[in-house]
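These notes concern the structure reproduced below.
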Amino acid sequence: MMNNVLILIIKELLNIKKNILQYIFILFLFPSLIFMFLAIPLSKVFIDLKPIYSIWVCSGVLFVSVLFNIYIFNLSWFKKMYDNDFMKSLPITTSEYLLSQISFSIIVGFFQYTISVIILNSLSIGFMNFIQFIKCFFILLPSMVIISNISLISNYFIKNKFSFNIFNSFVFLFLSFSIGSLVPLDLYPKEYINIISYFPLSATLINIQNIISFDSLYFSMILISFFYLLVFITLSYYIIESKMKR
Numbered sequence: 001m002m003n004n005v006l007i008l009i010i011k012e013l014l015n016i017k018k019n020i021l022q023y024i025f026i027l028f029l030f031p032s033l034i035f036m037f038l039a040i041p042l043s044k045v046f047i048d049l050k051p052i053y054s055i056w057v058c059s060g061v062l063f064v065s066v067l068f069n070i071y072i073f074n075l076s077w078f079k080k081m082y083d084n085d086f087m088k089s090l091p092i093t094t095s096e097y098l099l100s101q102i103s104f105s106i107i108v109g110f111f112q113y114t115i116s117v118i119i120l121n122s123l124s125i126g127f128m129n130f131i132q133f134i135k136c137f138f139i140l141l142p143s144m145v146i147i148s149n150i151s152l153i154s155n156y157f158i159k160n161k162f163s164f165n166i167f168n169s170f171v172f173l174f175l176s177f178s179i180g181s182l183v184p185l186d187l188y189p190k191e192y193i194n195i196i197s198y199f200p201l202s203a204t205l206i207n208i209q210n211i212i213s214f215d216s217l218y219f220s221m222i223l224i225s226f227f228y229l230l231v232f233i234t235l236s237y238y239i240i241e242s243k244m245k246r
């Protein structure tokens, strides 16, 4: 089983290697653009925020850059793996396809996470230390897998190209502005906060923000993230199975 998983991962990494400089450029560029064109202008709006907005927003920039890049990378994975007649003919199980996709997403996420932390630490000195780096990465893992599954599900159900592009834009806007990444969640209506705080992605972000500010973790939110993780993995399993049978 593991041999097939490794082969699938290596196959995709070799495809990336062909344009490695382009991919590295994107990994560096994306968090920088979010910080320059979204975070800096918003810092002129939230001037009374404590801690200072330019420091507070770094965890949100990190969160958005990692998850949205995983989402985009998985769109190409879907087409190469599940819309490919040759791949369908191989003796590879649904579980192996799913495990390889999850592993690939974590690898992509780790590289984007590391690069984003380096950039944000240079822009906001002392944003994250090594212990926080490790803690935040493990807290982020369930959301990495969930967003890769959302990418798979959206690619499966949305066939119209225009609608698909609209949905991709919606994903970016949702990650950026709806769950407390770039706009403090406290500014939203209380009823909205009570609902959105228990979504897996927002729960992850809240715990990352707590780690950065040396506050306690919400273990209930970690459990919520893992519950949703199992739900999305189950959905993805059946989607992959249906695709590979066609």
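Numbering of the sequence shown is given in our numbering, commencing with residue 1 and proceeding in unit increments. From the three backbone atoms N, C-alpha and C, an ideal C-beta is built for every residue, glycine too.
Query raised in the report: Between Leu235 and Asn149, is the Cβ-Cβ spacing less than 8 angstroms?
Result: The count along the sequence shown starts at 1 and reaches residue 235 at position 235. The count along the sequence shown starts at 1 and reaches residue 149 at position 149. Contact: yes.
Requested in this report: Determine the closest residue to Phe177 out of Ser154, Leu205 and Asn165, with distance taken between C-alpha atoms.
Outcome: If you number the sequence shown from 1, residue 177 lands on position 177. The residue with the shortest Cα to Cα distance from Phe177 is Leu205.
Report task. Can you tell me which of Leu75, Tyr192, Asn210 and Ile196 puts its alpha carbon nearest to the alpha carbon of Leu140? Result -> Locating residue 140 in the sequence shown gives position 140, where the first residue counts as 1. Considering only alpha carbons, the answer is Asn210.
Report task. Following the continuous alpha helix (DSSP H) through Ala203, name the residue where it begins and the one where it ends. Result -> On the sequence shown, position 203 is the one that residue 203 refers to. For Ala203, the enclosing alpha helix (DSSP H) has its first and last residue at Pro200 to Ile212.
Query raised in the report: Ile7 and Leu98 look like a contact to me (Cβ under 8 angstroms); what is the Cβ gap, rounded to whole Å?
Result: As a first step, residue 7 is located in the sequence shown; it is residue number 7 there, counting from the start. As a first step, residue 98 is located in the sequence shown; it is residue number 98 there, counting from the start. Not a contact, Cβ separation roughly 15 angstroms.
Query raised in the report: Ile106 lies in the alpha helix (DSSP H); which residues open and close that run?
Result: Here residue 106 is taken as the residue at index 106 of the sequence shown, counted from 1. Element bounds for Ile106: Thr94 to Leu123.
Query raised in the report: How about Phe28 and Leu175: do their beta carbons lie closer than 8 angstroms?
Result: Locating residue 28 in the sequence shown gives position 28, counting from the first residue. Locating residue 175 in the sequence shown gives position 175, counting from the first residue. No; because the gap between Cβ atoms is not below 8 angstroms, this pair is not in contact.
Query raised in the report: Hey, how far is the Cα of Ile224 from the Cα of Ile193?
Result: On the sequence shown, position 224 is the one that residue 224 refers to. On the sequence shown, position 193 is the one that residue 193 refers to. Straight-line Cα distance between these residues: approximately 16 angstroms.
Query - First and last residue of the uninterrupted alpha helix (DSSP H) at Leu42 - result: Within the sequence shown, residue 42 is the residue found at index 42, counting from 1. Residues Ile40 to Ser43.
Query raised in the report: Between the C-alpha atoms of Lys161 and Trp77, what's the straight-line distance to the nearest angstrom?
Result: Residue numbering aside, residue 161 sits at position 161 when the sequence shown is read from its first letter. Residue numbering aside, residue 77 sits at position 77 when the sequence shown is read from its first letter. Rounded to the nearest angstrom, the two C-alpha atoms are 17 angstroms apart.
Requested in this report: Kindly list the residues whose CB is nearer than 8 angstroms to the CB of Ser124, restricted to its own chain and excluding five residues on each side of it in sequence; keep chain order.
Outcome: Within the sequence shown, the letter at position 124 stands for residue 124. By the criterion of a C-beta distance shorter than 8 angstroms, Ser124 is surrounded in its chain by Ser54, Ile55 and Cys58, once the five residues flanking it on both sides are discounted.
Query raised in the report: Would you say the beta carbon of Ser100 comes nearer than 7 angstroms to a heavy atom of the ligand COA?
Result: Only the bare structure without any ligand can be found here, which leaves the ligand COA out of the picture.
**Report entry** Limits of the unbroken alpha helix (DSSP H) element including Val248
**Finding:** With the chain represented from 1 up to 246, any question about residue 248 goes unanswered, as that position is not in the structure.
Query - Euclidean distance between Cα positions of Asp322 and Phe110 - result: Residue 322 falls outside the range modelled here, since the chain spans only 1 to 246, and no answer is possible.
Query raised in the report: Just the Cα atoms here: how many angstroms apart are Pro184 and Ser116?
Result: Taking the sequence shown and counting its residues from 1, the one referred to as residue 184 is at position 184. Taking the sequence shown and counting its residues from 1, the one referred to as residue 116 is at position 116. So the alpha carbons of these two residues sit roughly 20 angstroms apart.
Query - Rounded distance between the beta-carbons of Ile196 and Ile179, thought under 8 angstroms - result: Counting from 1 along the sequence shown, the entry for residue 179 is found at position 179. Counting from 1 along the sequence shown, the entry for residue 196 is found at position 196. Correct: roughly 6 angstroms between the Cβ atoms.
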